[in-house]
Each structure stands twice: as C-alpha cells, then as structure tokens.
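See below for the structure under consideration.
2 protein chains.
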Amino acid sequence: MDQLGEERRKAQFDVDDMKIVWAGSRHNFEVSDRMAKLVASDPGFRKDTRTMLARKELFKNTLRKAAYAWKRIVELRLSEEEASKLRFYVDETAFTDLHWGMFVPAIKGQGTEEQQQKWLPLAYKMKIIGCYAQTELGHGSNVQGLETTATFDHQTDEFVMHSPTLTSSKWWPGGLGKASTHAVVYARLITDDQDQGIHGFIVQLRSLEDHLPLPGITIGDIGMKFGNGGYNTMDNGVLRLDHVRIPRSHMLMRVLQVTREGKCIQSDVPRQLVYGTMVYVRQAIVADASCALSRAVCIATRYSAVRRQFGSQNGGPETQVIDYKTQQNRLFPLLASAYAFRFVGEWLNWLYTDVTQRLQANDFSTLPEAHACTAGLKSLTTTATADGIEECRKLCGGHGYLCSSGLPELFAVYVPACTYEGDNTVLLLQVARFLIKTVSQLGSEKKPVGTTSYMGRVEHLMQCRSDTQRAEDWLKPSAILEAFEARATRMSVACAQKLSKFSNPEEGFAELSADLVEAAVAHCQLIVVTKFLEKLQQEIPGKGVKQQLEALCNIYALFLLHKYQGDFLATGCITSKQASLANDQLRSLYSQVRPNAIALVDAFNHTDHFLGSILGCYDGNVYPKLYEAAWKDPLNDSVVPDGYHEYIRPLLKQELRTARL
Amino acid sequence: MDQLGEERRKAQFDVDDMKIVWAGSRHNFEVSDRMAKLVASDPGFRKDTRTMLARKELFKNTLRKAAYAWKRIVELRLSEEEASKLRFYVDETAFTDLHWGMFVPAIKGQGTEEQQQKWLPLAYKMKIIGCYAQTELGHGSNVQGLETTATFDHQTDEFVMHSPTLTSSKWWPGGLGKASTHAVVYARLITDDQDQGIHGFIVQLRSLEDHLPLPGITIGDIGMKFGNGGYNTMDNGVLRLDHVRIPRSHMLMRVLQVTREGKCIQSDVPRQLVYGTMVYVRQAIVADASCALSRAVCIATRYSAVRRQFGSQNGGPETQVIDYKTQQNRLFPLLASAYAFRFVGEWLNWLYTDVTQRLQANDFSTLPEAHACTAGLKSLTTTATADGIEECRKLCGGHGYLCSSGLPELFAVYVPACTYEGDNTVLLLQVARFLIKTVSQLGSEKKPVGTTSYMGRVEHLMQCRSDTQRAEDWLKPSAILEAFEARATRMSVACAQKLSKFSNPEEGFAELSADLVEAAVAHCQLIVVTKFLEKLQQEIPGKGVKQQLEALCNIYALFLLHKYQGDFLATGCITSKQASLANDQLRSLYSQVRPNAIALVDAFNHTDHFLGSILGCYDGNVYPKLYEAAWKDPLNDSVVPDGYHEYIRPLLKQELRTARL
Ligand SMILES: Cc1cc2nc3c(=O)[nH]c(=O)nc-3n(C[C@H](O)[C@H](O)[C@H](O)COP(=O)(O)OP(=O)(O)OC[C@H]3O[C@@H](n4cnc5c(N)ncnc54)[C@H](O)[C@@H]3O)c2cc1C
Ligand SMILES: Cc1cc2nc3c(=O)[nH]c(=O)nc-3n(C[C@H](O)[C@H](O)[C@H](O)COP(=O)(O)OP(=O)(O)OC[C@H]3O[C@@H](n4cnc5c(N)ncnc54)[C@H](O)[C@@H]3O)c2cc1C
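As you go down the protein sequences, you meet chains G and F in turn. Just so you know, we're using UniProt numbering here: the first sequence kicks off at 1 and counts up by one. Just so you know, we're using UniProt numbering here: the second sequence kicks off at 1 and counts up by one.
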C-alpha cells in the first residue's frame, strides 16, 4: 500500500525529468539507476543488521562485501564508472575507498611514469591493497609538522623509514589497520642530514603470503569510532616504523627526485600539480555532501508526510507534521540545500576539468582562486550537511533516534567529513587569507578572477542599497545576487580595514580570525547562490521542473538571508523592513513547495536499500515496518533477558547481599 | 606527569572556591565529591569498554551494574541524596532511571494516599521495577491522541487494558523492554462508552516469579538507538495489551476517581498539580544540561591546551590550539554556557519549591508563567547542549571522532533530551503562545509576572536605544539587560501585531509559527542572562571567583548578542556600530578567560572516570593513553584479521571466482 500515493499525485512537475536534472545527465541517471538496483536486489549487499553487529563481525562482513563487490565487478565486466557507482551504492565505508580514492590517485599524481607503470597495474587488479598514511598521532592539520623520517642511506641506496617518537605514529589512515598490504607513507625526507620536507613513499606493510606485518612494522586498528556500524567498518589504523628499509625507487618522485648519490633534483613538473588533486578530491566531497543531505532530507520529508500529530477535528485525521510551518522552516531549506549543493558540485566538477587543462598549458593564474573556492565549498557544504542530517533526525521526533530510521548511522558516518581533508575551520581561514589578499589587490593590475570577480565591482557594492519594496521583489535573481555580493564584499573589506590597523599583519589576522571566518562563509554562500542561479539560466526541460528549482533556489537564498540577517543589516545592504519582506516571501515559497515536497525527494531516485531507513521507505508504510524490525534486535532473542537470574531476580527478591555481581 | 600543571598555575582565582559555587553549596560539593570518588575507585563500575560491547553483552552488564549499585547503596546505608548521586556518577542509562525518575514520581503525584501506601514501599525496596508507559508508536507529542484504552467493566470491577491498533502499541518507554515488572500505563479511560480522557494505570507486566510476561501482554525491546554504548544500555520497549484486566484500584485516582458503579468523580485535588511535576522534571533536565555540557567543555578545553598545531618558530613548540581565536570563539561561549545553565538550573530549583508552596496554598497565579518558563528553558538548554557537545567534539579534530575521546557517546546519549519530555519545537510554540497572551494583556489589570515582568516596561522597551559608546560599556549589566529585554519585547510585540491582522487567530499562529519560535528563543535567552546577572549580585566568596564569573556572564551575553545580531539590529535595539563594539569586547574577554580556562573546567570537579575521555584526562597525558587504548579494540585481538583467509587472500590472489562470499 502506498501511503504516499496521494502526496505524489499532488506534484506539479514531472518527476522523471527532475531525476535527470538531479543526476546531471540521462547517462548518469541510467548508470546510477542500474547500479543502485543491482545492489539493492542482491542479498549479498544487505545492510539492515549492520548497526547491531559487534566490531569484529562488522569488520569481517565488510571484508566479505568488499570481496563480493569486486567479484561482481569482474564477473559483470563493469566499466570503471559502473564499478565506482556500484561501490558507492554498496554504501559501506571500506578499505577499498582509500585504495581507489587515495592510494591510486596519489601514485597517479605523485609517481613518475615508471612508477605508475610498476604500481598501477597491481593496484588496478587489487593484487595489492593500498592506503594513504599521512596523519600522525601528533599532527593532522599541520602536514609540515609530520615527524616520520625517511633517511637516505647512501650505502644501500635505500630509505630508512622511521617513527622517532610516539606522536610520529601514523594514526587514522583508513584501511591501514587490518587490510592494506601497502601504504603511501608521508615522511620527512632526509638526505645528508638535510631536511628536504614532506614526501610520499610506497611502503609494503604486510607479507603478500600470510598478511603478517613485515619486520620493523607495528600496526593495528585505532579503535571504535562514533556510531553503530558507520565508520567502524573501516580499519583506521596506527603504524609504527622501526628503521624499515625500502628501495630508493619507492619514493614518489614526480616532483622531486633523489638520485643514487642522494642529490635532490626538482623536476620540471610544476609543484602546483598537487592542487589539481586537491580540487578533485574536494569536488568529490561536495558531491557527497549533496548526496548525504539528500538522503536525510528524503527520509525526513517522507516521514513528515506520514507522521500525524495534533489538530484532529471532529475525529478526523490529525495534521501531517509536514504541514506545520515550523517543520517546513526547518526542513525545506535543507531540501533546497541538497539541490544547491548538487549544482555547485556539478560546477566544481567543471572547474576541476578547467584547472587541469590550464595546468597542462602551464597556466597557474586561476589556481589560487580555485583552491580557495574548493576549500571554502568543502567546508561550507560538509558543515551544513552534518548539521542538516542531525536536524532531519530531530525532525523525525523520537523515532529518528532509532537506528532503524537510518539517520543516526548516516550522521555518524558523515560527520568526519567536517574534519578530514582539511578541518573546516582551518579551511575557512585559508579562504579568508585569499579574500584579504584579493581585497588588497583591488584597484591594482591584478583583477579578481572566477568566484571573486564580483569584487571587481567593489565601488558599487560598497554603497549600493537593495531596492526591494515588496516581498515578490525578492524573487528577482538580481536582487538576491546584489544583496549577497554586497554583504560578502563589505565583510571582506571591513576585515581588511581592521587588519590594516595592526602593525603586524599576522597578529592582526590571528586576532581577527573569528571575523575573517565569517567573511569567508559569506563569500562561500554567495558562490552557492550564484551557481544555483546560473544553473537556472540554462535550459532545463521537463514540465514544471524549472519552476520547482526556482522556488528551491529562492528558498535557499532567502533562508540564508534570514538566518544571517545580522550580516546583511550590519553592513547596511538591506533594511530591516526589507529583511522582513524577504521572510514573508520565504513563507509563501514554503507553501509553494509543500505539494511538491514528496516528488522533490523522489527525484533523488534513492532505493529503499540505499536509504536504509524505515521512516523513509518509498511506500511510507512506516508503522508496520518499525514494529516488525524491533523484534530483530538481539535483545529480543529471548523473552527473559540474559542476566535475569544473576541480576534482576536477586534484586527483586532482596537477595543481593549474597549475589556475585 | 601533569601536562597541564603550567596551565593550572596560570589561574587567577581559587579553584576550590569555584568548585563550591559550581556545586551550589559546600554540602552538595562534599556529597558529590564523595560519591564520584566512590564510583571512580570501584572496578565494578568501570565503563571503558562500553562502546565496544554488542547489545546483549552491553545490556547484561548494565543489569549487573544496576544490581551492584543497589547492593552498594544498601551496604553503605546511603541516604536518598547519596544514592541518587551514586547512580548519577555510575553514568550509565538504565531501567532504574525510569523507576526512580518517572515511575515513583508518577505514583507520588497521581496516586491517592492509599495507593501510595501500597506501591511506594514496594518500589522503594525495588521489590518491583516500574516504568512509565505513555508514548505510543503513533503518538508522542500529542498525549491527548493516545489510543490505548482502559475500559471499565462493571461486572468484575476491573479495567480492561487494550491496544486496539498497531499504532497504539506503547513504544519507547525506558525499562519496559526487558527489565520492568510494572508500568504506569497511560490510557484512554472509558466508562459506559464515555471517553473520559487520558489517565494512568498501574499494570503488572511480568511475573514476579519467572519474569515471563503475563497473559495478554506482548513485550519486547524496540531495537538499537543512536551511538555505541550510550542509550543502548536502556531497554526502551514496545508493549501490546490484549484485553488485560487489572483491578479498579490500579487506576491512579488522585485527581479523578472511578467508583464501583463506574462513576467518575473529580477530586478536590487541583488538576494543576501535574504542572508541579513537570516543573520538577524539567528543572532536573536543565541541571543535566549544564552537567553534560560541562563534561564536553572540560574535555575540549583540556585537549585544546595539550594539542599543538602550527606556529612553531625556530623549532620551538607549536601553538596550543586553545590559543587560536577561532578555537576560543567556538569553545569559550560553551564554557560560559555551562556556567549559565548551571545557575539558571539552580534558580529553577528554587522556582519549583516556590511553585509547590503556592500550589499547597491554592495559589495558581504563577503557574502558567512557571510552566512556560520551564518549557522554554528545557528547550533552550537541551538544544544548546546537544549542539555544544558536538561542537566540542569537532574542536578536538580527528581524535574527537574516536570513542575513546568520550564525546561520541556523550553526544549520542544526550541528544534525545531534545525530544523527550517535550519536543523542543513544540515546547517553544507553547512559550510563544504564552508570550502572545502576555502581550495581549499588557495594559490590562493582569500584570506580567516572574520572568515576563520586564514586559511591564513595554513602553520604555519599545523605544529605548542602547547608549553604549565604547566597547567597555558592554560590560555593564544594565546595558546588556536592556538590550536583551528590548529585543525580546519587540519580537513578541511584532508577532502580536502581525497576528492581529489575521481574522482567525489560530491560522495566524500557524502561519507565523517560525517567527513565534524566534521570539520565544529571545525570551528564553533573556531569562538565562538575567539569572546569571542576578547570581552575580549575590555575595560570592573566594579569591577572584566573582571576576571570573563576571567575565563568563559577559561572554555568554555578548556571544549571543553577536550570534543573534540580526534580531537586535532588525528591532532597532542597537546600532551596527554598537554590535561591532560588543564584538570587540567579546574578543578581549576571551583573552581574559584564556589563562583561567583549565582551572575553570577543573572547577567542575569531574573525575577521569566520570569524564570517560582520554582527551579530557586530568593530567593531559593524552598521546600515550590514546596509543595504549587503541590496542584494546577487539579487532586487535589478532594481528591478521578474522576474514583474511576467506576474503582478503582470494582477492589478492585473484581467486575470487571460486571463493564463497
Ligand atoms: C574518519 C577519519 C578518517 C581519516 N582518514 C585518514 C586517512 O585515510 N589518511 C590520513 O592520513 N589521515 C586520515 N584522517 C586524519 C584527518 O586527515 C585529520 O584528522 C584531519 O586532517 C584533522 O587534523 P587533526 O586531527 O590534527 O585536527 P587538529 O588540527 O588537531 O584540530 C584540532 C582543533 O584545532 C583547530 N586548529 C588547528 N589548526 C588551527 C589553526 N592554524 N588555526 C585555527 N585553528 C586551528 C581545529 O580547527 C580544531 O578545532 C582521518 C580522520 C578521520 C576522522
Ligand atoms: C531516548 C528516548 C527515551 C524515551 N523514554 C520514554 C519513556 O520512558 N516513556 C514514554 O512514555 N516515552 C518515552 N519517550 C518518547 C518521547 O517522549 C517522545 O518521543 C517525545 O514526546 C516526542 O514525541 P514524538 O516522538 O511523537 O515526536 P513527534 O511529535 O512525532 O515529532 C515529529 C516532528 O513533528 C513536529 N511536531 C509535532 N507536533 C507539532 C506541532 N503541534 N507543531 C509543530 N510541529 C510539531 C516536531 O517538532 C518534530 O519535528 C522516549 C523517547 C526517546 C527518544
């Protein structure tokens, strides 16, 4: 029985067309849809008991799934694209993520042609399993502070890899703890007692025969992490190296070469190449953010339409909680954010191609801007997504707290995205640094490019005032854009002005860093709004599709405008009257989206398997499924719980004195 | 080795005196300190492997601890106060929480003298174990919508307790699933086919001999909840009643009596009594909020002083991350909030006594205000605490994501406080309703009382403008107070004005509910600020103690002022210049607090056992302990993981085709 059928009939647009827009193209949609269904229909990929498993069982099951997925990939001769989608829909964090997502790209990006030829075929066939060992117990954000050493030994033509202190133990790398046979280990290169900075080295960790750690290597798992199931399927590991010798050829030498004599030679490959990889990794993270948020929003939206509470009149049905304006005010901006992040992710993907082409043509001019922009968007989208998932969980009331809602695990497994690949605060400080530099160059030869080009209109933006007079005026893209541009500009400029009062700029930067972070956020929000608006300038086929996206775009922008109205008012971009009009408009946009809400989350095309949530199931048949699922908890194996005779009965019978506890 | 010794020496106040202030009195401090140490030193209460246990083991261990705690309580002849503190420091959510915290109070509050005499002695000795069964699968927030029926049977003088639908299954009650022998079941009383509303009934669930469910009773656990360990020690349960008969005397009849003839007789006990209980429960929740937040803040503060990242000059030590302004700007307001919530909790405790006395004197005049105020403060403090714990976790970077940091479990176990005892949004809507009523009565006979009395100065507050001219002016209590009062008043009045434009007030209320919630938040924040300021008007002994509290109070207020500057500016209470001055002042308060930060968290007097966090340990010796703890994960039982032979080796050896997966 489809509890949500009536909701679906209300939709004022064509869901199938929206699915294509969401997927990015018909091709993407088709591949995704096929792989999602393949995984969903295969009992080998079931995950419904994941949150109940103890660590060892859980991990063993992940090993099984990873092997099984690979088997299927080989059997079905899946393309690289299909294979990566299949892994994605298996939806279980595993050592293979690091193998494919970090180990292989590190070799591709930092290895010479020769090294690539040696290692990549092994990696592609999974004859070796690799991980990415950068972070140490004592150093994460500050990569330059890593303590592991790789000392060149002239005599043997080897590097001696060593962990000189406790804090130099590698700590966190995924796949390291139990599964990997190899790692790219980042270490301080030492030649002739000279510190040559941090470089990557391929280190074999375990025997390919019996999987035992090689001599000098101490290795293990770092222990349980946040949440049931979730990231505990991953063997994040600890690694100590005790004078482990590797051939000189195992240093990744694309950028810097160490010769037989121990000389360091900078190659003609530009160092900036690493930024290209960073842009790549971060655009993937932004795409992930939109996907994770869309899952949470899908669950909360469907459940909010099923859940009824209060408001029954004359014994009729109660109000669907999705009809409460407070619920809409918490939920719909997240729905809009999922779409917004999707489109900015799409654009970042384009940016990556653009940057790569420029790099190949030795054009580094847009690199700092691209770097700042991806850093900022990584920070913005992951923070918003983590918070958004938790908000969706709360939107489901008590039942959202059950693992069977899928939301606790989604949160727990998602939230480290705020920390890895750059701590979100540290990243915003980088964005701020770039913005201040951009401001300082205004009026000079160097024109602001890309996502900062709006600053070229600094004079206008410093003094313009919004001319919105009625609520509907806030629907105009130009009105929104000007307000966001003016706010971002003024916040950056204000910071720059305050900074100029410090004699030591670094001290000033440190002192004002909280304000600088706010300016960076304003800039990043502007990027997201801009890219959404740009998307809407494209032709978007399908009945009613564009109208829905316009409403979502406006919700995204006006919700931010309301939430950050302090910024807009303090900088004088808008008046409080205008802020209030924007808020009125926002409310009426909610009413516009309401009948389309279910269809808008259907457009994500998530299978019930992928969602992994009873509250979010497609047919909305929540209560019978919740009830049924409960009985599967191991605690329900017996009616009288294990421990009754030892602990409950003596308590009730007042016989504790003699009980063994 | 005390890594934090130097930090402790920097403190500019007497920590021991602050401990007394935090505890509320010397007596409180001594009892708490004694019980905390008792628990911490007893290996029977260890909890360091809790997050690694599978559900059944975990639950069995909780049963053991609960029995053991009771045994110790009896052996040591602890007073009620001591016993409850001991349970608190055991720090493991258990069926006993509901027994003592809900079952006993329900009987006390809703049972007749006779019923109390019958049931309480049994409960006090734990000869029976009780739980509180209100929520159903289909109804939580809307208690009036509960579907379970209690139909009076004239013939037998019994009630027939029944679950007529799937959604009427009781769902969530803690302790119900496995441990309880009895429950107070809330059900719709039916006499002579007349619906008499929701009342409480004592229902025996399980045999006292063999713990098997009694006839007609289906009962079980509802399954895993958010997080490792955490709330999974609790057997939140499901209960279906199939025409279960209980004696008429088992209905709790303090307010409404059902006679032998099935007549309903309202007793002369005022119905409002239930509100007294609510005030009690919610003040306890606010006290818990300050405690939970203080734990997270203690962990994050200590670790932020140990953790160093970047900023090494000439090979010297790197910067402690606590010295970064962004870190301070995220952490210190939470430190201030912990203190703020502590004091508002203290005041609520007084309010409860006050309300109780008034009720006894049949004075109900302050009840609506007390009710709104506790509802609002419950919502405000639990939301801020849940968010604050997660922020503290992020402040610890990657290591905060490990269970050994203690923060994941603290978050997961705390966060349902935003949902139970009133969903936080639903509560704020109640506050808003009260505020609108208060505004509508301004100028009438009925003067605003208690926490709304500031509205009596509505005329002044509607037109006043802050006279702060320098940053230091924001240190004046009067400046802060006026700004917060003006903001709260104006937001409520603005809502009331908008509401008056609707012909149907209920429709207006629904339409504007998002704005109304914001007004309610503004009002609640004002209460917290006010109570903190009032606390500072008392005499507070101890070297430097009051100065520290003043700084924290100002941080709390000015941080809110900055975060919500949109409200303050939109309502014209302050100018953007003044907002910026407040922010400058805030920054300099951070510098003032910085040298005292460690001592300020030491003042919470949390034992290492209670904190349950390696990152937060008293001696700051974080790295060796993290390293050591990692090896205890079950995954490290063997060097080569379980599953290697089945899944990893065939993968590496390209032998998957024939593998059984
Ligand atoms: C689930 C997970 C998987 C991971 N996988 C891998 C992996 O596969 N390989 C790998 O090498 N690593 C991995 N990591 C490690 C990860 O990259 C680091 O945790 C991350 O870089 C953050 O660094 P940190 O932990 O040192 O945080 P810290 O830098 O210690 O952060 C602590 C606090 O200090 C603040 N802070 C730090 N520096 C500054 C500054 N300059 N200014 C202001 N504030 C500052 C931060 O904002 C934060 O609040 C993983 C981590 C996690 C959680
Ligand atoms: C850990 C835990 C322990 C519990 N222990 C017990 C126990 O011991 N005994 C017991 O009886 N119960 C217990 N409960 C149940 C708890 O009391 C309910 O979950 C709680 O009252 C919330 O109700 P709900 O789940 O129906 O949420 P819902 O009301 O369904 O909330 C869903 C969404 O609807 C919104 N909403 C609902 N009504 C309105 C409205 N009128 N206006 C605007 N928005 C609205 C909410 O804000 C929320 O976003 C427990 C729950 C948890 C999570």
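Virtual Cβ for every residue (Gly too), placed ideally from N, Cα, C.
Proximity test, Gln313 (chain F) beta-carbon vs ligand 1 heavy atom, cut-off 8 Å = If you check the C-beta of Gln313 (chain F) against ligand 1, you find no heavy atom less than 8 Å away.
Report the rounded CA-to-CA distance for Gly397 (chain F) versus Leu429 (chain G), giving the unit in angstroms.
-> 15 Å
Since Arg245 (chain G) is in the beta strand (DSSP E), which residue starts that stretch and which ends it?
-> Taken as a continuous stretch (DSSP letters only), the beta strand (DSSP E) holding Arg245 (chain G) covers Val244 to Pro247.
For Pro164 (chain G), which three-state DSSP category applies?
-> coil
Whole angstroms is fine: what's the gap from Ile648 (chain F)'s alpha carbon to Ala659 (chain F)'s?
-> 11 Å
Taking 8 Å as the cut-off, is the CB of Cys131 (chain F) close to at least one heavy atom of ligand 2?
-> yes
Decide if Ala361 (chain G) is buried, meaning its Cβ has at least 16 other Cβ atoms within 10 Å, or exposed.
-> So Ala361 (chain G) counts as exposed.
For the alpha helix (DSSP H) holding Thr343 (chain G), just list the boundary residues, first then last.
-> Note on residue identity: the sequence assigns Phe, not Thr, to residue 343 (chain G). Residues Lys325 to Gln360.
Taking Glu628 (chain F) as the reference, which of G:Ile555, G:Asp354, G:Gln565 and G:Gly220 has the closest Cα?
-> G:Gly220
Within 10 angstroms of the Cβ of Asn314 (chain F), are there 16 or more other Cβ atoms? Answer buried if so, exposed if not.
-> exposed
Gly200 (chain G) versus Val426 (chain G): straight-line alpha-carbon distance, rounded = So the alpha carbons of these two residues sit roughly 23 Å apart.
Using a Cβ cut-off of 9 Å (strictly closer), state whether Gln547 (chain G) contacts chain F.
-> no
So, is the C-beta of Tyr627 (chain F) closer than 9 Å to a C-beta in chain G?
-> Cβ-Cβ to chain G under 9 Å: yes for Tyr627 (chain F).
Boundaries of the alpha helix (DSSP H) in which Phe364 (chain G) is found, first to last residue | Looking at the DSSP string, Phe364 (chain G) is not in any alpha helix (DSSP H), and its letter there is neither H nor E.
Cα-Cα separation, Lys71 (chain G) to Lys85 (chain G) | 15 Å
Determine the extent of the beta strand (DSSP E) in which Asp157 (chain G) is found, giving its start and end residues.
-> Premise fails: Asp157 (chain G) is in no beta strand (DSSP E) and is neither H nor E.
List in chain order: all unbroken alpha helix (DSSP H) runs of 4+ residues lying wholly within the stretch 458 to 515 of chain G.
-> 458 to 463, 477 to 500 and 505 to 511
Look up Lys170 (chain F) in the DSSP assignment and say whether it is helix, strand or coil.
-> strand
Check whether the Cβ of Leu611 (chain F) lies closer than 9 Å to any Cβ atom in chain G.
-> no
According to DSSP, residues forming a beta bridge with Asp221 (chain G) = G:Gly237
May I ask you to report which of helix, strand or coil DSSP gives residue 665 (chain G)?
-> Nothing can be reported for residue 665 (chain G), as the shown portion of chain G is limited to 1 through 661.
Where Cys131 (chain F) sits in the DSSP three-state scheme | DSSP places Cys131 (chain F) in strand when its eight states are reduced to three.
Could you give the C-beta distance for Ala123 (chain G) and Tyr186 (chain G), rounded to a whole number, given that I count them as a contact under 8 Å?
-> At roughly 18 Å, the Cβ-Cβ gap does not stay under 8 Å, so Ala123 (chain G) and Tyr186 (chain G) are not in contact.
Answer with buried or exposed for Gly5 (chain F), where buried requires no fewer than 16 other C-beta atoms within 10 angstroms of its C-beta.
-> exposed
Enumerate in chain order the residues of its own chain whose CB-to-CB distance from Asn636 (chain F) is below 8 Å, with the five nearest sequence positions on each side excluded.
-> Ala630
Residue environment, Arg260 (chain G), which counts as buried when at least 16 other CB atoms sit within 10 Å | With fewer than 16 other Cβ atoms within 10 Å, it is exposed.
How many Å lie between Leu407 (chain G) and His399 (chain G) at the Cα?
-> 10 Å
Does the distance from the CB of Thr326 (chain F) to the CB of Val517 (chain G) come in under 9 Å?
-> yes
Look up Asp195 (chain F) in the DSSP assignment and say whether it is helix, strand or coil.
-> strand
Own chain partners of Arg330 (chain F) with C-beta closer than 7 Å, once the 5 adjacent residues on each side are dropped | Glu391 and Leu395
Please confirm whether any heavy atom of ligand 2 lies closer than 8 Å to the CB of Asp288 (chain F).
-> no
Quickly, what does DSSP pair Val415 (chain G) with across the bridge? List them, please.
-> Paired residues: none, contrary to the question.
Return yes when at least one heavy atom of ligand 1 lies under 8 Å from the C-beta of Met251 (chain F), else no.
-> no
Answer yes if the stretch 34 to 48 of chain F comes into contact with the stretch 34 to 43 of chain G, meaning at least three C-beta pairs across the two stretches below 8 Å, and no otherwise.
-> no
Beta-carbon separation (whole angstroms), Cys298 (chain G) vs Val601 (chain G), contact threshold 8 Å | 4 Å
State the start and end residues of the unbroken beta strand (DSSP E) segment that holds Cys298 (chain G).
-> That residue, Cys298 (chain G), is in no beta strand (DSSP E); its alpha helix (DSSP H) goes Leu273 to Val306.
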